[in-house]
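Asks:
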Amino acid sequence: MKSLILTILYLIKDTVHRWFTRLSSPLARVLVVYFLSLSALSALGSYAISTKLVKDKITRQGGDLVIATMSETPEQPSAFPTEKEIADALQADSYALTLIGGATTPERHHLSIYTYDFNRTAQLAPLLSSKGIPTILTTPDSELPPGPIRVTISNMQTDAHVRRMPAEHPLMRIIGHAGMIIPPDNLPEELRPTFNTQHTIIRVRELNSSADLLRIEHFLKNFMRLEGRRGNVISLSRLLSEMDLVLSKQTQCRIAFCVGISAIVGILLTALAGMEYRQNEYIYTLMKSFGIRPSLLVLTFIAENIVIVGASFVGALATFMYFQRIIVTQILKLGNHTLTLQEIMPEIQLICYTLMGCILLSSIPISVAANRDIGRVLK
Numbered sequence: 002m003k004s005l006i007l008t009i010l011y012l013i014k015d016t017v018h019r020w021f022t023r024l025s026s027p028l029a030r031v032l033v034v035y036f037l038s039l040s041a042l043s044a045l046g047s048y049a050i051s052t053k054l055v056k057d058k059i060t061r062q063g064g065d066l067v068i069a070t071m072s073e074t075p076e077q078p079s080a081f082p083t084e085k086e087i088a089d090a091l092q093a094d095s096y097a098l099t100l101i102g103g104a105t106t107p108e109r110h111h112l113s114i115y116t117y118d119f120n121r122t123a124q125l126a127p128l129l130s131s132k133g134i135p136t137i138l139t140t141p142d143s144e145l146p147p148g149p150i151r152v153t154i155s156n157m158q159t160d161a162h163v164r165r166m167p168a169e170h171p172l173m174r175i176i177g178h179a180g181m182i183i184p185p186d187n188l189p190e191e192l193r194p195t196f197n198t199q200h201t202i203i204r205v206r207e208l209n210s211s212a213d214l215l216r217i218e219h220f221l222k223n224f225m226r227l228e229g230r231r232g233n234v235i236s237l238s239r240l241l242s243e244m245d246l247v248l249s250k251q252t253q254c255r256i257a258f259c260v261g262i263s264a265i266v267g268i269l270l271t272a273l274a275g276m277e278y279r280q281n282e283y284i285y286t287l288m289k290s291f292g293i294r295p296s297l298l299v300l301t302f303i304a305e306n307i308v309i310v311g312a313s314f315v316g317a318l319a320t321f322m323y324f325q326r327i328i329v330t331q332i333l334k335l336g337n338h339t340l341t342l343q344e345i346m347p348e349i350q351l352i353c354y355t356l357m358g359c360i361l362l363s364s365i366p367i368s369v370a371a372n373r374d375i376g377r378v379l380k
């Protein structure tokens with residue numbers, strides 16, 4: 002054990018000595034890995050930002066939503082799956098409202114009236130008036146002021162309460178600028194028609210490709226078929242399929258970029274490691290003749306490259322994160338957007354895997370040389 006420790010300390014001392022006596026060797030590795038990593042982070046970061054911008058734009062336009070309109074009659078009763086059932090089956094959030102009639106405000110504005118299944122009570126009750134009266138949900142740009150209001154339903158006036166909702170709330174995708182919701186246990190007889198239209202909206206929690214929407218479309222269509230309900234399903238899955246094509250091309254570019262980095266760094270590390278080993282081959286061979294295993298010599302070169310390459314990459318990452326606003330806005334012309342460490346983590350992992358592969362690849366010639374017969378070297 003003592004001899005192993007002394008051997009390791011000697012190898013560390015020899016490595017540090019080589020760094021100071023031949024400064025060009027570690028400096029070349031540091032500079033090449035640093036600038037290549039910085040270039041890779043800039044290029045892959047631009048892909049990440051462009052992908053983020055496309056996804057954000059699609060989300061703002063409702064690209065993460067699937068909207069279904071279904072008919073229901075007393076002869077075809079059915080209950081839509083609960084919020085929890087959809088969340089467990091599809092990993093998505095959902096809302097379901099049933100159109101049952103219309104109302105009129107004192108300013109002669111027409112409002113659609115909706116209700117919901119009892120299994121949605123826990124989800125929708127927090128949005129409704131605590132007084133039990135009908136609630137009118139409006140977007141901020143609606144002409145109806147928040148607060149109490151009188152509305153006319155089937156020639157009968159009733160109290161209601163107006164509440165503002167964020168325009169991007171999924172319910173407003175169904176209701177529009179304004180709509181009235183009445184709990185199912187408070188429905189008057191005149192609002193119990195024989196034919197209802199149910200509007201269902203399902204939001205994907207994590208939108209990665211058109212397959213996420215197609216999975217939900219398939220679920221809704223199967224539900225309508227099995228329940229005997231007619232209707233249609235609307236989503237932006239076709240638009241997302243075009244996004245998938247763009248992302249697949251970006252993936253190809255990322256792979257090509259990493260292959261290029263691998264070629265340059267791999268050749269550099271292999272050439273320098275082989276040159277340095279040949280310069281010290283006589284000493285290492287003597288160490289082998291004293292019982293030092295060749296694998297220990299190979300691990301020394303791997304550890305040396307890990308330290309140099311790792312420090313260079315960390316420096317490149319710190320530079321990119323600090324100056325990324327300048328790199329992205331002034332050089333790449335992608336607008337005033339930046340990435341967090343979590344958002345760029347897939348690119349960081351990809352570069353790390355690439356550099357680690359280069360280090361292991363560069364150790365192959367060293368492994369071959371370290372296992373040469375001692376007699377051939379010392380003769």
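The opening position of the sequence shown corresponds to residue 2 in the working numbering, with each subsequent residue numbered one higher. Glycine is no exception: its CB is placed at the ideal position from the N, C-alpha and C atoms.
Can you say whether residue 187 is buried or exposed, counting buried as having 16 or more other CB atoms within 10 angstroms of its CB?
Replies: Exposed, by the Cβ-count rule.
Asks: What does the alpha-carbon distance come out to for the pair residue 356 and residue 264?
Replies: If I take the Cα positions, the gap works out to 10 Å.
Asks: Please report the Cβ distance between residue 313 and residue 38, rounded to the nearest whole angstrom; I am assuming they are in contact, meaning their Cβ atoms lie under 8 Å.
Replies: Contact holds; Cβ gap of about 7 Å.
Asks: Using 8 Å as the Cβ pair cut-off and three pairs as the minimum, do the stretch 163–176 and the stretch 199–216 touch?
Replies: Touching, per the Cβ criterion.
Asks: Can you grab the Cα-Cα spacing for the pair residue 302 / residue 364, in whole Å?
Replies: Spanning the two alpha carbons is a distance of roughly 7 Å.
Asks: Can you tell me which of the three DSSP states residue 317 falls into?
Replies: Residue state, collapsed to three classes: helix.
Asks: Is residue 327 buried or exposed, if buried means 16 or more other CB atoms sit within 10 Å of its CB?
Replies: Classification for residue 327: exposed.
Asks: Just verifying my parser: in three-state terms, what is the DSSP assignment at residue 63?
Replies: Residue 63 falls in the coil class under three-state DSSP.
Asks: What residue does the alpha helix (DSSP H) around residue 223 start on, and which one ends it?
Replies: Looking at the DSSP string, the run of the alpha helix (DSSP H) that includes residue 223 is 211–228.
Asks: Report the three-state DSSP secondary structure of residue 199 (helix, strand or coil).
Replies: Looking at residue 199 - three-state DSSP - the assignment turns out to be strand.
Asks: Could you have a look at residue 18 and say whether DSSP puts it in helix, strand or coil?
Replies: Residue 18: helix per DSSP, three-state reduction.
Asks: Hey, is the stretch 210–228 in contact with the stretch 56–68, meaning 3+ C-beta pairs nearer than 8 Å?
Replies: Result yes; three or more Cβ-Cβ pairs closer than 8 Å.
Asks: Classify residue 154 as helix, strand or coil using the three-state DSSP reduction.
Replies: Looking at residue 154 - three-state DSSP - the assignment turns out to be strand.
Asks: I'd like to confirm the pairing. Which residues does DSSP put opposite residue 187 in its beta bridges?
Replies: Answer by DSSP bridge pairing: none, since residue 187 is not bridged.
Asks: Per DSSP, which one or two residues make a beta bridge with residue 149?
Replies: Note: residue 149 sits in a beta bridge opposite 162.
Asks: Taking the CB atoms as reference points, tell me whether residue 321 and residue 129 lie closer together than 7 Å.
Replies: Going by C-beta atoms, residue 321 is not nearer than 7 Å to residue 129.
Asks: In chain order, what residues of the same chain have a beta carbon less than 6 Å from the beta carbon of residue 324, not counting five sequence neighbours either side?
Replies: Excluding residues within five positions, none has a Cβ falling inside 6 Å.
Asks: Could you have a look at residue 307 and say whether DSSP puts it in helix, strand or coil?
Replies: Looking at residue 307 - three-state DSSP - the assignment turns out to be helix.
Asks: I'd like the span of the beta strand (DSSP E) that includes residue 106, first residue to last.
Replies: Counting along the chain, residue 106 falls outside any beta strand (DSSP E), and DSSP gives it neither H nor E.
Asks: For residue 28, tell me which candidate among 305, 350, 349 and 245 has the shortest Cα-Cα distance.
Replies: Residue 305 is the option with its Cα nearest to residue 28.
Asks: Given that a residue counts as buried once 16 or more other Cβ atoms are within 10 Å of its Cβ, and exposed if not, what is residue 205?
Replies: Buried.
Asks: Report yes if the C-beta distance between residue 83 and residue 233 is below 7 Å; otherwise report no.
Replies: No, they are not a contact pair.
Asks: So for residue 326, helix, strand or coil by DSSP?
Replies: DSSP places residue 326 in helix when its eight states are reduced to three.
Asks: Answer with buried or exposed for residue 34, where buried requires no fewer than 16 other C-beta atoms within 10 angstroms of its C-beta.
Replies: Looking at its Cβ environment, which holds 16 or more other Cβ atoms inside 10 Å, residue 34 is buried.
Asks: Is residue 181 closer than 7 Å to residue 101 when the C-beta atoms are compared?
Replies: No. Outside cutoff.
Asks: Report yes if the CB atom of residue 45 is closer than 7 Å to the CB atom of residue 255, and no otherwise.
Replies: Cβ atoms of residue 45 and residue 255: closer than 7 Å.
Asks: Check each candidate in 151, 155, 143 and 9 and name the one with the smallest Cα separation from residue 165.
Replies: That would be 143, whose Cα lies nearest to the Cα of residue 165.
Asks: For residue 204, name the three-state secondary structure that DSSP assigns.
Replies: Strand, per DSSP.
Asks: State the start and end residues of the unbroken beta strand (DSSP E) segment that holds residue 179.
Replies: From DSSP, the beta strand (DSSP E) with residue 179 extends over 179–182.
Asks: Going by the CB atoms, is the gap between residue 359 and residue 260 shorter than 7 Å?
Replies: Result no, Cβ atoms of residue 260 and residue 359 do not sit closer than 7 Å.
Asks: Let me confirm a value: residue 169 is counted as buried when at least 16 other C-beta atoms fall within 10 Å, else exposed. Which label applies?
Replies: Exposed.
Asks: By a C-beta neighbour count over all protein chains shown, 10 Å radius and 16 as the cutoff for buried, is residue 86 buried or exposed?
Replies: Exposed, since its Cβ has fewer than 16 Cβ neighbours within 10 Å.
Asks: Please tell me whether residue 112 and residue 179 are closer than 7 Å, where the distance is taken between their beta carbons.
Replies: Yes. Within cutoff.
Asks: Mind checking who residue 94 pairs with in its DSSP beta bridge?
Replies: 204.
Asks: Can you tell me which of 118, 48, 222 and 148 puts its alpha carbon nearest to the alpha carbon of residue 349?
Replies: Checking every option, the nearest Cα to that of residue 349 belongs to 48.
Asks: When the Cα of residue 158 is compared with those of 183, 104 and 12, which residue comes out closest?
Replies: Residue 104 is the option with its Cα nearest to residue 158.
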